[in-house]
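**Student:** Under full-length UniProt numbering, the first residue of the sequence shown carries the number 1, and numbering increases by one thereafter.
Note that beta-carbon positions come from the ideal geometry of N, C-alpha and C, so glycine has one too.
Bear in mind the structure is a predicted one, so any value in this text is a computation, not a measurement.
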Amino acid sequence: MAPPPHRLQLSPHNSLPTTTSATAVSRLSQLSSHIMGSTSTAGIFTAVNVPQAPEDPLFGLMAAYRKDPSDKKVDLGIGAYRDDNAKPWILPVVRKADDILKNDPELNHEYLPIAGLPQYTSAAQKLILGADSPAIKDNRVASFQTISGTGAVHLGALFLAKFHPHQQPRPTVYLSDPTWANHNQIFTNVGLSIAKYPYFSRETKGLDIEGMVSALNNAPAGSIIVLHACAHNPTGVDPSPDQWKRIAEVVRAKNHFPFFDCAYQGFASGDLARDAWAIRYFVEQGFETCIAQSFAKNFGLYGERAGAYHFVSPPNQPDNSIQHIASQLAILQRSEISNPPAYGSRIASIILNDPKLFSEWEEDLRTMSGRIAEMRKGLRSRLEARQTPGSWEHITSQIGMFSFTGLSEKQVQILREKWHIYMTKNGRISMAGLNSHNIDYVAEAIDSVVRETQ
Ligand SMILES: Cc1ncc(COP(=O)(O)O)c(C=O)c1O
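Written as structure tokens, this is what we have:
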């Protein structure tokens, strides 16, 4: 940037004789402050006022992996799909949609509407709720295109913080223990307080359904309950349909507000309807609810930030509340991002609205979820063949991108330092980081570390 014309510039390239340069610099600087006046004060955003924030653990892990020169290194931290050669995979159907988009003579770079691309939000709504959803038929859904799933969770959090009728005190947001780390900061950043409900049982490495139901029962009536719709991150443990029914019962009995986060529809089981089962069940049961939907994983559109937020009013709502809700969401959206980015939603919209491309997408989803399921089977069978101490059944019973291995922080550290295998401290591994080239090495490493630390 060009300096303001009145400011004296002292650059190291100024050709003052070296013997006199120090004195000259000091005199010039005095002169400069004389001309400028002594109006400058210390900034208020000091290191004391703005504490150093810790590095995001996941992004720190990725940086450490990149720096590691070992040719054996394995990245099991990354929350993105990789093919069998550990490379990002552009879905073939996304390539096709991209070509269609590029060749569209009508394409331009105008702003999208505040609520996003209409043909995208309506298709996203049908995808998550089911095309024949009673809520869609009754016009009880307000849908907004968002900055991927994160933006959708944020928009929902902001709306609840601002419009929840109980402001004194505001309802607490209950998050599963553990949960996707970003949930904690998204809800606290909008001024809501958070609490945990038990979710993962360390003993069974499955769902602690009794602990969860009893915590939801003991939570103050009218709390906000965040539920992962499928492929729970980080544990890979989902409730069964019967367990979802029990969860719905307690949510209803306590008048809680269920807030669904759905980041893996179709990616979890390869079946779009199955992965949306819990959401559709709650909607059929007539709950007032909301859904944060991400297309990052299931379209491989991570960086394009395509997502949606849906608010669903209950049936027979006596007033036109959904129109009011939509109008307020529009104000929030306008003040935060004005209008959403176009590219990712255009790609998704082309695929979602074309039956042929849609079925090709389902095929791509099966390719991704199928490879992950193969890796689950492969890892479990290798550990069992080695008779690695402990039970490894959970590797195949868990679902989606992640597996909560049960490895301790110490074991995770040894895997990283000795074997160059990277995963989060809580022992979560991304199954997508495994492939036919590294699975034997990873199984050997886990086996060795488990025995070494017994
Ligand atoms: C549970 C959960 N919610 C939301 C997201 C949001 O992801 P994105 O903003 O990339 O769509 C993720 C991504 O990892 C997630 O695991």
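How would you call residue 41, buried or exposed, if buried means at least 16 neighbouring beta carbons within 10 angstroms?
**Tutor:** That one is exposed.
**Student:** Could you spell out the range, first to last residue, of the beta strand (DSSP E) harbouring residue 509?
**Tutor:** The requested residue 509 is not part of the displayed model; the chain covers only 1 to 454.
**Student:** Nearest by alpha-carbon distance to residue 411: which of 103, 194, 109, 454 is it?
**Tutor:** Checking every option, the nearest Cα to that of residue 411 belongs to 454.
**Student:** Under 8 Å between the Cβ atoms of residue 298 and residue 344?
**Tutor:** Not closer than 8 Å, so no.
**Student:** How should residue 320 be labelled, buried or exposed, when 16 other C-beta atoms within 10 angstroms of its C-beta is the threshold for buried?
**Tutor:** So residue 320 ends up on the exposed side.
**Student:** Which residues share a DSSP beta bridge with residue 196?
**Tutor:** Looking at the DSSP assignment, residue 196 forms a beta bridge with 175.
**Student:** Report, in whole angstroms, the separation of the C-beta atoms of residue 101 and residue 346, which I expect to be a contact under 8 Å.
**Tutor:** That pair is a contact at about 6 Å.
**Student:** Measure the beta-carbon distance from residue 328 to residue 163 and round it to whole angstroms, keeping in mind my assumption that it falls under 8 Å.
**Tutor:** Between residue 163 and residue 328 the Cβ distance is about 6 Å, and since that is below 8 Å, they are a contact.
**Student:** DSSP three-state call for residue 68: helix, strand or coil?
**Tutor:** In this structure, residue 68 counts as coil in the three-state DSSP scheme.
**Student:** Pick out whichever of 309, 422, 248, 173 has its Cα sitting closest to the Cα of residue 209.
**Tutor:** Here the closest residue by C-alpha is 248.
**Student:** May I ask whether a heavy atom of ligand 1 can be found less than 7 Å away from the beta carbon of residue 154?
**Tutor:** No, the beta carbon of residue 154 sits no closer than 7 Å to any heavy atom of ligand 1.
**Student:** Just to check, is the beta-carbon of residue 261 closer than 7 Å to a non-hydrogen atom of ligand 1?
**Tutor:** True, at least one ligand heavy atom lies under 7 Å from that Cβ.
**Student:** Looking at the unbroken beta strand (DSSP E) that takes in residue 462, where does it start and where does it end?
**Tutor:** Here the chain comprises residues numbered 1 to 454, so residue 462 is not present and cannot be evaluated.
**Student:** Among 69, 114, 74, 89, which residue has its Cα nearest to the Cα of residue 455?
**Tutor:** The requested residue 455 is not part of the displayed model; the chain covers only 1 to 454.
**Student:** Are there any heavy atoms of ligand 2 lying less than 7 Å away from the beta-carbon of residue 296, as far as the coordinates show?
**Tutor:** Within the structure as shown, ligand 2 is missing, the only ligands being ligand 1.
**Student:** Determine the direct distance from the alpha carbon of residue 215 to that of residue 56, and round the result to whole angstroms.
**Tutor:** Answer to the nearest angstrom: the Cα atoms are 29 Å apart.
**Student:** Can you give me the start and stop residues for the beta strand (DSSP E) that residue 141 sits inside?
**Tutor:** Note, residue 141: beta strand (DSSP E), 141-147.
**Student:** Roughly how many angstroms lie between the CA atoms of residue 73 and residue 125, to the nearest whole one?
**Tutor:** Cα to Cα, residue 73 sits roughly 41 Å from residue 125.
**Student:** Go through its chain and collect everything with a Cβ distance to residue 118's Cβ below 8 Å, but skip five positions before and after it.
**Tutor:** Nothing listed; no residue qualifies.
**Student:** Under 7 Å: does the beta carbon of residue 188 sit that close to some heavy atom of ligand 1?
**Tutor:** For ligand 1, not one heavy atom lies less than 7 Å from the Cβ of residue 188.
**Student:** May I ask whether a heavy atom of ligand 1 can be found less than 7 Å away from the beta carbon of residue 289?
**Tutor:** No.
**Student:** Can you tell me the Cβ-Cβ gap for residue 206 and residue 394, rounded? I've got them flagged as a contact below 8 Å.
**Tutor:** Their Cβ separation, rounded to whole angstroms, is 7 Å, which keeps residue 206 and residue 394 in contact under 8 Å.
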